[in-house]
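Residue numbers (our numbering), protein chains in the order written: chain B, 402 to 927; chain P, 402 to 927.
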């Protein structure tokens, strides 16, 4: 590998950034800047960074930092199949679930890529057979529902994308091919709730676990089977169960699952929405053509991420801006604010993507680092958030960097004119107003009515939330997260921090712990 | 008024706290402490603060701080009807939506209290008439659906409570009387989506806006009416519309609404879940008996909040602990983590409640203050969060105070034994394990597998998520938020920070802005 790994604070360009003045957004924001700081970020998607506190001099230093940390070269190492997840000694291949790149591949990588392609074709065909009725339920009924049983990456991404596209087909009264539900939590109320809404005879259950050993997912599968049996004796349960798992996992079992689709260790859970993990359910819901459009959009964004010039590479520029916020301006949180109801659960997916990837305190060599990494991520759709936590964003004592997402057109295209403007115009008037209000503020002699401004934001702006635009948006954030990891010099692809809790939970369940504290906490629940 | 207002940093006891040593949770946590630091917080609800970094000496200082800031006396001023929302020159009377207190009332307060009682009886009766079929849809069909159109406090609280109780009735296959939906966002896709699922002939629309002028709510009402007309010409729309609003508001219009229920200016939106704002829809959904159980639980918590002794007053102690985290330990965020799928949207409600109430930078006199107030609040249900952002909570570079919520029993009572334990046992084993792992950590020579510990949490622990327990939980957080405000010396009941955005949005919509920046941002959406 010809890339070098260096802590952020050791980079010469970062040291320069520390003492470099930050421009006041109130002074630099102008109509000209707003139209100039707008770059293509994928299919039907632009990235506008005009309301971030950077000028040309800072951007030059950003470019130096990106070059010094070899951001794009490290991405190329990922694409070539180097072991870029050293903690788990794994390659990082999720980009190949959505397209190929003109790059030399390390030995064995082609086989993996072929597996992903093959699975895409297999589940596309499977979805078609379900839609056409060739594949039916075990009692002969047509399948009208799919329930995904999975947690974390097997839940948040697919669920967010399903909700994001569900309305897309509703134009002119069309509906998704298949209605989807999700069961994730080991709380039995989650499965009970979903099962009370569905008819098992017309339902396919998609059990998703790469390792085939995820406690929550296996437990929920057992609970679901029990509930099916209690509802209907005549069902052949295995015919209603399909698996998405690793080849050779304990879940690869044809007596339990009528069909299996495969992923492998080189696609991390939180990066797996474009693999079979998201692909099976989304193809069942909307048809494989729409899922392939989503892949197309993601691939377009992956190609843009190859640009060395940060002003042509939005995920990289976005990552640099976020590191400037976090490590120079010392912000601790970040709000993701989509002005689109369809993206209601997109912030929850990004919360996992970003916080699980970059909530680390050790560098790629495994040494402790001494600078801040991932902030806390939260968000809800606008305009809802305006009537909720925006008070704190406008007038609170901490500055929260804001990431807005908006679209020119509504997704479902249905709209009305009310008091001189449409709903979509009102939605976007609010979005423009908020960006301006946060950045510019408004002086008032009454401190309670004073808006200090200087609260900066950026904006991902789409034409309409089409499948390909959603794909670009998803990959933008995946690649931004990857670039953040390169800049911070951390491994964005492992998650050692989840292990201790699992271990202690198993200790409790085994009944064999001899840990008085753990014992006393569990006693509270008896 | 015989209470005095003092900035937090001017309190003598706070000055002592600043230089006082913080005990290391790893040293003080013990089985004895866990069972000792557990106090009653309402009906079927305890508060356990054993994993917070406080010892007896600190608790004594906390008591002094509470006394010095006159926390409980200020709460009594609220109950007596003093103008405790000086920014808007209003009383704060939401506690009276759920019970009365043995306290002298200021002039005119009885009338307000009588209004709340009267409305409770009116909407209880209304719900019964809908359930029994005395009140029907305009085409003679039985009502089976209610859609609440509201935003912010008219949406988040009622929605969170509806989801929290929906499963409660599902035991043994029972279902809520009426299925509920919510429309909030001015994004037209939100209303389109809901309307695609419902039959207007069997639906009641509850339009909720105290002022009767909320842009999003009026726009959505117009859009909904349009969609009803396009679906069914025979419907008499007004017969399907009811209002929850202030007396004399523009929405008090019998030609538009077949029935109106009232709130007033002394119940803030984010504190209105126990008024008609939450009461109409929850009584329709579950029957007024269940709603009254919720009120009973909230009232029990309101009474506990009157205790001067912080060790008998969980919302007050909780507030003091949060101020210790924020202003002494300098944390910036707070995660709310319910181990209960039914509470999936409870964190979103608390995000509004806390951040809109206390995200302020001016004191009650209107002077700017120089210390930190509300942190950013986020959260998702466990165990889902464990597979998402917990990585950052365990091994990230910032400490995030954690607030866990758990229940001994599942809400719906359906469970199975799988591999030696039930789902509920697994859920709670995970919760106990997480509290322990965060607090105690685990040393490892490999920094990537090292858990530093010292990440403190507290726990609200219930027997089962019954309506009365939910009521106590809700009021616990309302009263904790109020006490935080008293300690910080800020007004938790106004929200000036939402005004500028509204004003600028209207400027955009009027087309008359002469603000080049605002103009350029809005041009991006054309």
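Every residue, glycine too, gets a C-beta built ideally from N, C-alpha and C.
Identify the contact partners of residue 838/P in chain A, using a Cβ-Cβ distance below 7 Å as the criterion. Of the protein chains in the structure, B and P, none is chain A.
Using a cut-off of 9 Å between C-beta atoms, extract the partners of residue 888/P located in chain B. In the second chain, residue 888/P corresponds to position 487, counting from 1. The contacting residues do not exist; residue 888/P stays about 14 Å from chain B at best.
Give every residue of the same chain whose Cβ lies closer than 7 Å to the Cβ of residue 639/B, excluding the five residues on either side of it in the sequence, and list them in chain order. Residue mapping note: residue 639/B aligns to position 238 of the first chain, counting from 1. 656, 657, 658, 659, listed in sequence order.
Integer-rounded CB distance, given that residue 888/P should sit under 8 Å from residue 409/P: As a working mapping, residue 409/P is identified with position 8 in the second chain. As a working mapping, residue 888/P is identified with position 487 in the second chain. Indeed, because the Cβ distance is near 6 Å, the residues count as touching under 8 Å.
In chain P, which residues lie with their C-beta within 8 Å of the C-beta of residue 812/B? For the purposes of this step, residue 812/B is identified with residue 411 of the first chain, where counting begins at 1. From the beta-carbon of residue 812/B, the residues of chain P found nearer than 8 Å are 590.
With a threshold of 8 Å between beta-carbons, can residue 639/P be considered close to chain B, or not? For the purposes of this step, residue 639/P is identified with residue 238 of the second chain, where counting begins at 1. Residue-level contact check: residue 639/P does not touch chain B, since none of the beta carbons of chain B fall below 8 Å from its beta carbon.
When the cut-off is 8 Å and only beta carbons count, does residue 883/P lie next to chain B? Along the second chain, one-based indexing puts residue 883/P at 482. Cβ-Cβ to chain B under 8 Å: no for residue 883/P.
Counting contacts by CB-CB distance shorter than 8 Å, is residue 531/B in contact with chain P? Taking the first residue of the first chain as 1, we reach residue 531/B at position 130. Taking Cβ atoms only, chain P never reaches closer than 8 Å to residue 531/B, which makes this a no.
Any chain P beta carbon closer than 8 Å to residue 410/B: The residue labelled residue 410/B in the question sits at position 9 within the first chain. Closer than 8 Å: no.
Residue 631/P vs residue 618/P beta-carbon contact at 8 Å: Counting from 1 along the second chain, the entry for residue 631/P is found at position 230. Counting from 1 along the second chain, the entry for residue 618/P is found at position 217. It is not a contact, given that the beta carbons lie outside the stated cut-off.
Reference residue 542/B; option with closest CA among 529/B, 925/B, 601/B, 593/B: Translated into the one-based positions of the first chain, residue 542/B becomes position 141. For the residues 529/B, 925/B, 601/B, 593/B, the minimum Cα distance to residue 542/B belongs to 601/B.
Just to confirm the assignment: which complete alpha helix (DSSP H) runs, minimum length 4, are found wholly within the region 525-585 of chain P? Correct list: 557-567.
Pick helix, strand or coil for residue 918/P, following the three-state DSSP scheme. Here residue 918/P refers to the residue found at position 517 when the second chain is read from its first residue. Secondary structure at residue 918/P: helix, using DSSP grouped into helix, strand and coil.
Chain-ordered chain P contacts of residue 773/B [CB-CB under 8 Å]: What you label residue 773/B is simply residue 372 of the first chain in a count that begins at 1. Chain P residues near residue 773/B: 798, 799.
Sub-8 Å separation of residue 671/P and residue 758/P beta-carbons: Here residue 671/P refers to the residue found at position 270 of the second chain. Here residue 758/P refers to the residue found at position 357 of the second chain. Yes, these two residues count as a Cβ contact at 8 Å.
For residue 844/B, does the count of other Cβ atoms within 10 angstroms reach 16, so buried, or fall short, so exposed? Numbered from 1 along the first chain, position 443 holds the residue referred to as residue 844/B. Exposure of residue 844/B is indicated by the presence of fewer than 16 other C-beta atoms within 10 angstroms of its C-beta.
Taking Cβ-Cβ distances shorter than 9 Å, what residues in chain P pair up with residue 652/B? Mapped onto the first chain, residue 652/B falls at position 251. For residue 652/B, none of the residues of chain P pass the 9 Å Cβ criterion, the least Cβ distance being about 15 Å.
List, in chain order, every chain B residue whose beta-carbon is nearer than 8 Å to that of residue 841/P. Counting from one through the second chain, the residue named residue 841/P turns up at place 440. Neighbours of residue 841/P on chain B, chain order: 918.
Do we get a CB-CB distance below 8 Å when we pair residue 877/P with the residues of chain B? Residue mapping note: residue 877/P aligns to position 476 of the second chain, counting from 1. For residue 877/P, the answer is no, since every Cβ of chain B falls outside 8 Å of its Cβ.
Let me know if residue 837/P comes out buried or exposed under the rule of 16 or more other beta-carbons within 10 Å of its beta-carbon. Numbered from its first residue, the second chain carries residue 837/P at position 436. Classification of residue 837/P: buried, given that the 10 Å Cβ count is 16 or more.
Spatial neighbours of residue 560/P within its chain, please: C-beta separation below 7 Å, excluding the five flanking residues on both sides. As a position in the second chain, residue 560/P is number 159, starting the count at 1. The residues are 583, 746.
In chain order, which continuous runs of the alpha helix (DSSP H) of length 4 or greater are located wholly inside the region 821-879 of chain B? Segments of the alpha helix (DSSP H) lying fully in the region 821-879 of chain B: 824-841.
Which word fits residue 842/P, buried or exposed, when buried means at least 16 other C-beta atoms lie within 10 angstroms of its C-beta? For the purposes of this step, residue 842/P is taken as the residue at position 441 of the second chain. Burial call: buried.
In the DSSP assignment, find the beta strand (DSSP E) that holds residue 441/P and state where it starts and stops. On the second chain, position 40 is the one that residue 441/P refers to. For residue 441/P, the enclosing beta strand (DSSP E) stretches over residues 439-443.
Would you kindly check if the distance between the Cβ of residue 840/P and the Cβ of residue 858/P is under 8 Å? Position 457 of the second chain holds residue 858/P. Position 439 of the second chain holds residue 840/P. Cβ atoms of residue 858/P and residue 840/P: closer than 8 Å.
Neighbour list for residue 763/B in chain P, Cβ cutoff strictly below 7 Å: By one-based count along the first chain, residue 763/B stands at place 362. Correct list: 848, 849.
Output yes or no for whether 8 Å exceeds the beta carbon distance between residue 832/P and residue 863/P. Residue mapping note: residue 832/P aligns to position 431 of the second chain, counting from 1. Residue mapping note: residue 863/P aligns to position 462 of the second chain, counting from 1. Cβ atoms of residue 832/P and residue 863/P: not closer than 8 Å.
Using a Cβ-Cβ cutoff of less than 6 Å, which residues in the same chain neighbour residue 648/P once the five nearest sequence positions on both sides are dropped? Position 247 of the second chain, counted from the start, is the residue given in the question as residue 648/P. So the qualifying residues of the chain are 663.
Check distances from the C-beta atoms of the region 600-614 of chain P to those of chain B and list, in chain order, the residues that come in under 7 Å. Under the 7 Å Cβ criterion, the region 600-614 of chain P contributes no residue.
Using a Cβ distance threshold of 8 Å, determine whether the region 563-580 of chain B contacts the region 794-813 of chain P, with at least three qualifying pairs required. These segments do not touch.
Identify whether residue 401/B lies in helix, strand or coil by the three-state DSSP scheme. Past the edges of chain B, shown from 402 to 927, lies residue 401/B, and the structure says nothing about it.
Rounded to the nearest angstrom, what separates residue 374/B and residue 421/B at their Cα positions? Absent from the model: residue 374/B. The displayed extent of chain B is 402 to 927, so no value can be given.
Should residue 499/B go down as buried or exposed, given a rule of 16 or more other Cβ atoms within 10 Å for buried? As a first step, residue 499/B must be located in the first chain, where it is residue number 98. Per the 10 Å Cβ criterion, buried.
Below 8 Å on C-beta distance, what does residue 720/P contact in chain B? As a position in the second chain, residue 720/P is number 319, starting the count at 1. Residues of chain B passing the Cβ test: none, with the nearest at roughly 17 Å.
Using beta-carbon positions only, say whether residue 436/B and residue 921/P come within less than 8 Å of one another. Along the first chain, one-based indexing puts residue 436/B at 35. Along the second chain, one-based indexing puts residue 921/P at 520. Taking 8 Å as the cut-off, the Cβ atoms of residue 436/B and residue 921/P count as close.
Would you please verify whether the beta carbon of residue 936/P is less than 8 Å from any beta carbon of chain B? Within the shown structure, residues of chain P are numbered from 402 to 927, placing residue 936/P beyond reach of any answer.
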